[in-house]
Amino acid sequence: VTSPPSPATYNPSTFYLFNLTWIYSGGPIQVFIEHNFTGSAKTEEVKVKNGDVYNYNITGLATGLYYWTEYALDSVGNINQSDTFYYRVNQAQPILTLTLNDSSSNLTLTGPSTIKINATKVSGESIIYLYRNNTLINSGNGPFIIYDSLTYGLYNYTIIYENTQNYSRNSVTRFVSINDNKSPSWSNNKTSVNSYSDYVKNNAYQFNITWNDNIQVDKVLIEHNFEGLLRNYSVLNNGNEYYYNINDLAA
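Using the numbering used here, you'd call the opening residue of the sequence shown number 9 and step up by one each time.
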């Protein structure tokens, strides 16, 4: 009988019990166990018993496939051997936590913001890696508490534990969206020829205005009825100055 039953999941504090019942009426016996629980073959006497049940225990088996078999020896040298039994300990999944502003959810914020990132390894035997947008920003045993100043955009933070003997690879990802809710602003409205000028055949007219935005101006359109119908038109630009040209405006 084994406890816990095979396969078990790695836990450094797990108490493992291997027992076997030996029935012999001819007097006292000695029982030995052969195993590779520590990585190589080893034979030990089993000294803990409860009646005919002989118990061997060990704590903190590493991940792996193990074997064990027992031998019983009576007082006159007769020996018997049990079957060979196999026992497997599988990798555990490391426990990782990743919070943004003390929340385990994704964040959506407005405007440039400073956020608090907390990356922690709760269980595991090796270091962790913290990435922002696939760029490594910290590594070690942690925990990591970082304050990150972010401008507009979408960011992802990922904590990674790479595969080790006793723990499998694991990762946690959170997203931060910093939104822009500020509209572009205009200034320097200029026209050439000036308004209220007399009609001149084939005269060239230019209408320009400066647009500024905290990120980037994406598109500028002009709405006018210069040709009789109110419509939207594309404009040209020189840096932040956007202009629209037309000839021969009627009176």
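C-beta: ideal position from N, C-alpha, C; glycine also. In this text the structure is predicted, and so the values were computed from the model without any measurement.
Under the three-state reduction of DSSP, which class applies to residue i: helix, strand or coil?
i    : result
E231 : strand
G72  : strand
L108 : strand
N245 : strand
R239 : strand
F45  : coil
G161 : strand
W30  : coil
N156 : Checking the displayed sequence, the identity of residue 156 turns out to be Asp instead of Asn. Three-state DSSP puts D156 in a strand.
R177 : coil
I103 : coil
S147 : strand
I125 : strand
Can the beta-carbon of residue i be found closer than 8 Å to that of residue j?
i    : j    : result
N63  : L25  : yes
Y250 : N216 : yes
Q99  : Y18  : yes
S68  : S11  : Per the sequence shown, the amino acid found at residue 68 is Gly instead of Ser. Going by C-beta atoms, G68 is not nearer than 8 Å to S11.
I41  : A80  : no
P102 : Y165 : no
V243 : I230 : yes
K129 : Y94  : no
N163 : T122 : Note that residue 163 is Tyr in the sequence shown, not Asn. For Y163 and T122, no; Cβs fall outside 8 Å.
Determine the direct distance from the alpha carbon of residue j to that of residue i, and round the result to whole angstroms.
i    : j    : result
R96  : Y137 : 29 Å
N178 : S33  : 54 Å
I125 : I145 : 11 Å
N220 : N211 : 30 Å
R239 : A259 : 19 Å
D82  : G148 : 55 Å
E235 : P192 : 28 Å
I167 : V228 : 41 Å
T46  : D60  : 26 Å
I187 : R140 : Note on identity: in this sequence residue 187 is Asn, with Ile being the wrong assignment. Answer to the nearest angstrom: the Cα atoms are 18 Å apart.
N86  : E52  : 18 Å
H43  : P15  : 17 Å
What span of residues does the beta strand (DSSP E) with residue i cover, start to end?
i    : result
V56  : 56-58
V208 : No beta strand (DSSP E) holds V208; DSSP gives it neither H nor E.
G85  : G85 -> no beta strand (DSSP E), and no H or E assigned at all.
T172 : That residue, T172, is in no beta strand (DSSP E); it is neither H nor E in DSSP.
E52  : 50-53
Y18  : It is not in any beta strand (DSSP E) - Y18 carries neither H nor E in the DSSP assignment.
V97  : 93-98
Y64  : 61-67
L138 : 136-140
_Measuring CB atoms only, is the segment 192-208 touching the segment 150-162, in the sense that at least three cross pairs come out at less than 8 Å?_
no
*Are three or more beta carbon pairs between the segment 129-136 and the segment 107-114 nearer than 8 Å?*
no
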